[in-house]
Every structure is written in C-alpha cells, then in structure tokens.
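Only one structure is covered here, and it is reproduced in the block below.
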Amino acid sequence: WSNSAFVSRLYNYQGQKIGLVATKLTHYRPKKYNTHISKLDLRNRIIFTLWAGVLIIVIVALTVLFFSKRTLRRIMAPLDKLVAASRRIEEGQEFKPVVYTGGDYEMEVLIKSFNDMQTSIKEYMDKTAAYERARTKMISGISHDLNTPLTSIKGCLKGIIDGVARTPERQKKYIEISYNKADEMEGLLQQLFYLSKLETGNMPANPIVLDLRTFVSDLVAKNRLAWEEEGAQLSLRLGTETSQVKIDAEQLRRVLVNIIENAIKYNDKNTALVTIDLITSADEVKLCLGDNGPGVPEDKLGEVFNEFYRGDESRNTKKKGSGLGLYIARTIINQAGGTISARNEQGLKITLTLPRIN
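End of the sequence shown sits at 409 in this note's numbering; the numbers just go up one at a time, nothing left out.
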C-alpha cells in the first residue's frame, strides 16, 4: 500500500483461527493490527448493536411522540376555542373575544382575525336589529299619521253624502277640512319619498363651496316676514369672518328651514325667540340654532333625530308634523361629512358642525 509492504498469514492454533498481519511503517505511528475475535464475541457484539439500535429507535419514537403531543396541544387548544366561539355565534349566544397567549405568531393573527370578524358580525346584527326596530316604528307612525287625516276625510265626505252638511257653508267647511287633511297626507308622503331617495343615494346632490354666514343671512332675510307672522323673532349673531363649507345648497336650506319651523311650531311661548349663532374655528364651522321653547326631556334627547320622533309618544298632538324633519337633517349633515347634536339650554339648541373649507 503506497510505499509500505504488508505480509499476512492465517494460523490454526488450538482450534482457533488467528490472523497475523505485519508491515513496516515509516510514516505512521505503530498501530496494533492484530485482533482476536471469537464467535461468541461477534455474536455478543451483534446482539449489543441490535439492542442499542432498538433502544435508540424507542428513545427517538418517545421523543417524537412527546413533542408531537405538545405541538398538537398548542395547536388544538386555540382551535378548540375557535370552534366553541363559532358555535356560540351559530346559536346566537353572547359574543366573547377569544383569548390566546400561546405566543405563536400565525395563531395570534388567526385569533385576531376571528375576533375582528366577531366584532363586525355583532355590529352588523345590532345595526340590523336597530334598523328593524326603526322600520317597525316607521310603519306604525306612517299608519297612524295617514289613518288620522284619512278618517277625517272619510267623515267629511260621509257627512256630505248623508246630507249632514245641508247648507253651502257647511259643505264648504267639510270640503276645506278634507282638502287640508289631504294636504297633510301629501306632505307626509313627500317627506317619505324624499327620505327614501336620500337614504338610497338616489337624491341628486350638487355640493358646492358656499359661505355659511352669507347663506344663513340670505335665508333668514327671505323668510323673516313669514316667520314673524307666525309669532317668531329671530336673532342672528353671525360675526364677520368668512365660513366656507361644502354642501348641497338646497339640502342645507331644507335642514335650516326644518329646524327653525320646528322651533316655532313646538314653542309654548307667545313669542318664539329663535337665535342663530355662527362659530368658526380653524377646521370646522358650528351653526347653533336655539329657541325658548320647552325643550326635550333629557332621556329623550338621543331620540330627537330618530324617524318619526315628535315628542308626543301617543302621537295625539294637534300640531302638524311628520316627525321626519330632524331625521332628514341628520342624514343630510352626515352625508356632508358633518355632525348634528341637540341639548337643552333655556329651550332646545341644535348644533350643526361642518368641516371648514380653507
């Protein structure tokens, strides 16, 4: 091998085979090359090797089983929570967020997504329930508000047919009553039609940049005489600063007229004092419309912008009104990116807040 020579010889000695190998090592350390392996030793070594292999396999299997169960528990524990939460949602039970502290990033992302989904579902269900309640209330309000004038119309016509209204003067009075009631019904239907188009996005809107100070001043100037004939006094504090906002002019006019006419209609004083204040800041414009009326009960302030709210729960008030004016006002202002709120302050004060256009 290379530069070395090897000599080997096999001997039989006392029934055993002995192999001898001799060589001259010049570049390596002397090593012991002679070995004596009996058949018993060989068998023992084979058995030892097999047992060692089996032991190693058992150890590896137990280790794999241990870590597999541990990993499975880490995975299944949050999955079981997700399954339980899904069943709660399916059965309409209470929504509870799933809590996970395992530290696994992927599982944390999954749990967060599930909790976000729960929140969205709950918000949607709450919104749907509120919508259904509002619709039920709306149908009830429409039924009442249409039935009352319709009953009056039928009564007047029946009186004319049956000859109760025998004189021309009484017949004229019955006809006038019928006409006024039909006019009320038409006004309610127009409000409903307008609201339907507004909510479905079918109401044509042309938002423009306008100076709110000038707009309010012109609106009051055009309607002041009519409002004063109804027993109102208007006080304006608009300041001198330009207050530009972006909104549909006709829709804004409807909002302001609705609020002012409500302040006059539901006032219990001989003279309805309506104040209009304009407050301008760097980012927004506030228009505060107040009156000296009875205000609204504190527990009902959150309902004044709901559909068909008219203060009189029995809806037996003799004052005309559909209860949709402030609801339409809120819808218009919200669609323009603003907010509307109400509070009691020596009467009812309604505040419109719109983004200022610089």
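We put the CB at the ideal spot given by N, CA and C, even for glycine. A quick note: this is a predicted structure, and the numbers were derived from the prediction, not measured.
Alpha carbon to alpha carbon, how far is residue j from residue i? Give it in angstroms, no decimals.
{"i": "L276", "j": "R264", "result": "20 Å"}
{"i": "G282", "j": "K320", "result": "9 Å"}
{"i": "L338", "j": "G210", "result": "50 Å"}
{"i": "G143", "j": "E280", "result": "57 Å"}
{"i": "L130", "j": "I408", "result": "51 Å"}
{"i": "I315", "j": "W278", "result": "8 Å"}
{"i": "E364", "j": "L375", "result": "Note that E364 scores 49 on pLDDT, short of 50, meaning its location in the model is unreliable; the coordinates nonetheless yield the value given after this. Straight-line Cα distance between these residues: approximately 14 Å."}
{"i": "L246", "j": "T152", "result": "49 Å"}
{"i": "N166", "j": "N313", "result": "45 Å"}
{"i": "L243", "j": "S164", "result": "40 Å"}
{"i": "N179", "j": "P348", "result": "What sits at residue 179 in the sequence shown is Thr, not Asn. Whole-angstrom Cα-Cα distance: 27 Å."}
{"i": "E237", "j": "N385", "result": "27 Å"}
{"i": "Y84", "j": "I98", "result": "Caution is warranted here: a pLDDT of 45 is assigned to Y84, below 50, making its placement in the model unreliable, and the coordinate value is therefore given only provisionally. When rounded, the distance between both Cα atoms is 25 Å."}
{"i": "P406", "j": "D177", "result": "29 Å"}
{"i": "P415", "j": "K205", "result": "Residue 415 is absent from the model: the chain starts at 52 and stops at 409."}
{"i": "I69", "j": "K120", "result": "54 Å"}
{"i": "V111", "j": "A56", "result": "46 Å"}
{"i": "G290", "j": "D262", "result": "12 Å"}
{"i": "F118", "j": "Y62", "result": "55 Å"}
{"i": "P200", "j": "V134", "result": "56 Å"}
{"i": "L287", "j": "E141", "result": "57 Å"}
{"i": "L71", "j": "L93", "result": "19 Å"}
{"i": "Q241", "j": "K224", "result": "26 Å"}
{"i": "A181", "j": "T187", "result": "10 Å"}
{"i": "R96", "j": "L106", "result": "15 Å"}
{"i": "R60", "j": "T100", "result": "30 Å"}
{"i": "S191", "j": "R184", "result": "11 Å"}
{"i": "L116", "j": "V160", "result": "28 Å"}
Residue i and residue j: beta carbons closer than 9 Å?
{"i": "L270", "j": "V325", "result": "no"}
{"i": "S392", "j": "V336", "result": "no"}
{"i": "F146", "j": "I162", "result": "no"}
{"i": "A233", "j": "I310", "result": "no"}
{"i": "T390", "j": "T404", "result": "yes"}
{"i": "V267", "j": "I330", "result": "no"}
{"i": "A387", "j": "Q302", "result": "yes"}
{"i": "V260", "j": "V296", "result": "yes"}
{"i": "N395", "j": "G346", "result": "yes"}
{"i": "I401", "j": "G341", "result": "yes"}
{"i": "L239", "j": "L197", "result": "yes"}
Within a Cβ cutoff of 6 Å, which residues of the same chain sit near residue i, ignoring the five residues on either side of it in sequence?
{"i": "K132", "result": "V149"}
{"i": "N343", "result": "K320, L324, G398"}
{"i": "A136", "result": "V149"}
{"i": "Q169", "result": "F146"}
{"i": "Q65", "result": "none"}
{"i": "A256", "result": "D299"}
{"i": "R366", "result": "Confidence at R366 is low in this model, with a pLDDT of 43, below 50, so its placement is unreliable and no value can be given for it."}
Within the same chain, show all residues whose beta-carbon is closer than 7 Å to that of residue i, passing over the 5 residues directly before and after it, in chain order.
{"i": "A73", "result": "V58"}
{"i": "K351", "result": "none"}
{"i": "R304", "result": "L270"}
State the start and end residues of the unbroken beta strand (DSSP E) segment that holds residue i.
{"i": "Y64", "result": "57–64"}
{"i": "V325", "result": "323–331"}
{"i": "Q295", "result": "295–299"}
{"i": "K400", "result": "399–406"}
{"i": "R217", "result": "First-last for R217: undefined, no H or E at that position."}
{"i": "K390", "result": "Before going further, note that residue 390 is Thr rather than Lys in the sequence given. Its beta strand (DSSP E) spans residues 390–395."}
{"i": "L352", "result": "Per DSSP, L352 belongs to no beta strand (DSSP E) and is neither H nor E."}
{"i": "A283", "result": "283–288"}
Hey, quick one: how far does the alpha helix (DSSP H) through residue i stretch, first residue to last?
{"i": "E335", "result": "Premise fails: E335 lies in the beta strand (DSSP E), 335–342, not in any alpha helix (DSSP H)."}
{"i": "Q67", "result": "Taken as a continuous stretch (DSSP letters only), Q67 belongs to no alpha helix (DSSP H), being part of the beta strand (DSSP E) at 67–74."}
{"i": "S268", "result": "263–280"}
{"i": "I383", "result": "376–386"}
{"i": "Q144", "result": "Counting along the chain, Q144 falls outside any alpha helix (DSSP H), and DSSP gives it neither H nor E."}
In chain order, what residues of the same chain have a beta carbon less than 8 Å from the beta carbon of residue i, not counting five sequence neighbours either side?
{"i": "Q222", "result": "I211, A216"}
{"i": "I356", "result": "As written in the sequence, residue 356 is Phe, which differs from the Ile given in the question. Around F356: L377, Y378, A380, R381, I391, A393."}
{"i": "S203", "result": "I228, S229, K232"}
Output yes if chain B places a C-beta closer than 9 Å to the C-beta of residue i; else output no.
{"i": "G376", "result": "The question asks about chain B, but that chain is absent: this structure has only one protein chain."}
Could you tell me whether the segment 210–219 touches the segment 233–246, where touching means 3 or more Cβ pairs closer than 8 Å? no
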